[in-house]
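Enquirer: One structure follows; several queries about it will come next.
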DNA sequence: TAATATCAGTTGCATGTTGCAAGTGATGAT
DNA sequence: ATCATCACTTGCAACATGCAACTGATATTA
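Protein chains in written order, with my numbering: chain A, 65 to 247; chain B, 65 to 247.
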């Protein structure tokens with residue numbers, strides 16, 4: 065079972081420190097705003113990249129996430145998978161064919177993050193230098209409903225075919241200025 | 065001018081450490097994925113909350129952000145405002161009527177994050193215990209285009225009327241289980 | 001004009017988080 | 001039996017965060 069830590073530092077802490085992000089549900093210092101609460105649940109970089117990889121790359125396992133090219137540390141990856149499982153955004157199940165492996169999957173709650181990921185994708189491709197093909201992203205931006213429906217269909221049917229490839233790292237430098245980009 | 069630090073720790077660092085999120089544009093370890101790059105630009109919790117406050121609460125000043133009820137530290141707030149300015153997501157201009165104040169504003173690039181924030185809001189209200197009125201969020205979810213158009217209109221016309229109130233902290237506990245929520 | 005308050009930060013330091021690299025235990029392949 | 005693989009755990013160094021006090025500039029008040 066993932067995340068079965070023998071002990072955790074800070075576990076015996078008293079009251080949560082004022083101002084520190086309330087990672088635990090019972091922390092008393094928490095805004096009631098849905099955006100704030102969402103960010104507490106999954107808002108860190110690595111969690112969102114795990115969700116991305118599950119959603120659009122068809123990844124399922126710890127090793128696939130680790131080899132995504134983003135440079136995540138194994139202890140952080142393990143910790144995020146545990147947190148996302150606890151939050152009910154993903155599930156973990158042992159691979160029947162290979163007991164070493166754990167297969168992760170988005171839950172209903174998790175797949176509902178598809179619109180968030182799609183908007184991040186569209187924004188990033190429009191405003192930053194990326195390795196994403198312009199035509200591909202433009203098409204996704206024009207057909208949001210269709211893309212989201214397809215994301216959901218692949219999730220429902222456990223179809224691991226990637227919706228997006230792994231974008232090369234090396235292509236980012238040297239791309240021309242984006243149209244309309246300011247600042 | 066905001067963020068004009070006398071000195072910054074880490075500024076004389078050599079090569080960026082492998083695996084550390086590439087906060088600087090020239091870092092060599094960066095995925096080409098738009099989602100990953102977006103998260104590097106503004107993906108941390110406090111940055112997103114600043115953008116939220118500019119976008120839907122009509123906040124403009126350092127003090128307003130600080131008093132948002134989220135518990136942000138002043139050094140972190142100052143740092144995030146500087147980074148968001150550098151990234152071209154917000155601008156800072158001195159208040160003509162009061163030279164002590166700096167008024168922050170979303171840029172074109174920044175207001176384009178409205179769909180991301182709206183999806184976070186909708187997801188959070190649907191899947192977590194929040195203090196947001198259900199009818200209000202349901203209405204926003206049903207009329208995404210209209211809400212986004214209104215967000216843009218208020219931005220364009222520098223209309224600081226809040227689109228959303230500050231949700232109380234105290235209401236989060238004790239709300240009934242959300243419909244359809246699992247985990 | 002002097003005293004006080006406000007604004008936007010800065011600072012030093014303690015604490016928490018992140019990430020490296022080595023390592024572990026269970027399992028599968030040879 | 002040996003080796004490789006998978007999903008982690010571990011100890012520790014480096015970095016990030018946040019507290020509380022503080023600063024300089026500016027506005028308000030007496």
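We put the CB at the ideal spot given by N, CA and C, even for glycine. Computed from a predicted model, the values in this text were never measured in an experiment.
Which partner residues of residue 158 of chain A appear in the DSSP bridge assignment?
Expert: Residue mapping note: residue 158 of chain A aligns to position 94 of the first chain, counting from 1. DSSP output for residue 158 of chain A lists A:166 as bridge partner(s).
Enquirer: Output the distance between the C-alpha atoms of residue 183 of chain B and residue 113 of chain B, rounded to the nearest integer angstrom.
Expert: On the second chain, residue 183 of chain B is found 119 positions in, with the first residue counted as 1. On the second chain, residue 113 of chain B is found 49 positions in, with the first residue counted as 1. Computed Cα separation, rounded: 14 Å.
Enquirer: What's the C-alpha gap between residue 231 of chain A and residue 210 of chain A?
Expert: Residue 231 of chain A sits at position 167 when you count from the first residue of the first chain. Residue 210 of chain A sits at position 146 when you count from the first residue of the first chain. Rounded to whole angstroms, residue 231 of chain A to residue 210 of chain A spans 22 Å at the Cα level.
Enquirer: Quick check: the Cα distance between residue 123 of chain A and residue 173 of chain A, rounded to an integer number of angstroms?
Expert: The residue given as residue 123 of chain A occupies position 59 in the first chain. The residue given as residue 173 of chain A occupies position 109 in the first chain. Rounded to the nearest angstrom, the two C-alpha atoms are 18 Å apart.
Enquirer: Could you give the DSSP three-state label for residue 50 of chain B: helix, strand or coil?
Expert: With chain B covering only 65 through 247, there is no way to say anything about residue 50 of chain B.
Enquirer: Give a yes or no on whether the minimum CB-CB distance between residue 215 of chain B and chain A is below 8 Å.
Expert: Against the second chain, residue 215 of chain B aligns to sequence position 151. No, its Cβ sits nowhere closer than 8 Å to a Cβ of chain A.
Enquirer: Consider the C-beta atom of residue 187 of chain A and the heavy atoms of the ligand NAP; say whether any pair is separated by less than 7 Å.
Expert: Although the ligand NAP was asked about, the structure shown includes no ligands whatsoever.
Enquirer: Report yes or no: do the segment 95-110 of chain A and the segment 146-159 of chain A share at least 3 C-beta pairs separated by less than 8 Å?
Expert: Touching, yes.
Enquirer: Run the CB neighbour count on residue 196 of chain A, radius 10 Å, all protein chains shown included, and call it buried at 16 or more, exposed below.
Expert: The count along the first chain starts at 1 and reaches residue 196 of chain A at position 132. Classification of residue 196 of chain A: buried, given that the 10 Å Cβ count is 16 or more.
Enquirer: Would a check of beta-carbon distances place residue 176 of chain B closer than 8 Å to chain A?
Expert: Stepping through the second chain from its first residue, residue 176 of chain B is reached at position 112. Closer than 8 Å to some Cβ of chain A, the Cβ of residue 176 of chain B qualifies, so yes.
Enquirer: What residue range is occupied by the uninterrupted alpha helix (DSSP H) comprising residue 112 of chain A?
Expert: Residue 112 of chain A sits at position 48 when you count from the first residue of the first chain. Per DSSP, residue 112 of chain A belongs to the alpha helix (DSSP H) from 109-116.
Enquirer: So residue 123 of chain A is in the alpha helix (DSSP H); what residue range does that whole segment cover?
Expert: Residue mapping note: residue 123 of chain A aligns to position 59 of the first chain, counting from 1. Neither: residue 123 of chain A is in no alpha helix (DSSP H) and is coded neither H nor E.
Enquirer: Leaving out five residues on either side along the sequence, give the residues of the same chain with a beta carbon under 6 Å from the beta carbon of residue 88 of chain A.
Expert: On the first chain, residue 88 of chain A is found 24 positions in, with the first residue counted as 1. Bear in mind that the predicted position of residue 88 of chain A carries a pLDDT of just 41, short of 50, making it too unreliable to give a figure here.
Enquirer: Quick one: residues in its chain with C-beta nearer than 6 Å to the C-beta of residue 227 of chain A, no 5 flanking neighbours on either side, listed in chain order?
Expert: Within the first chain, numbered from 1, the residue matching residue 227 of chain A stands at position 163. Hits under 6 Å: 120.
Enquirer: On the CB-based measure, 16 or more other CB atoms within 10 Å of its CB, does residue 161 of chain A come out buried or exposed?
Expert: By one-based count along the first chain, residue 161 of chain A stands at place 97. So residue 161 of chain A counts as exposed.
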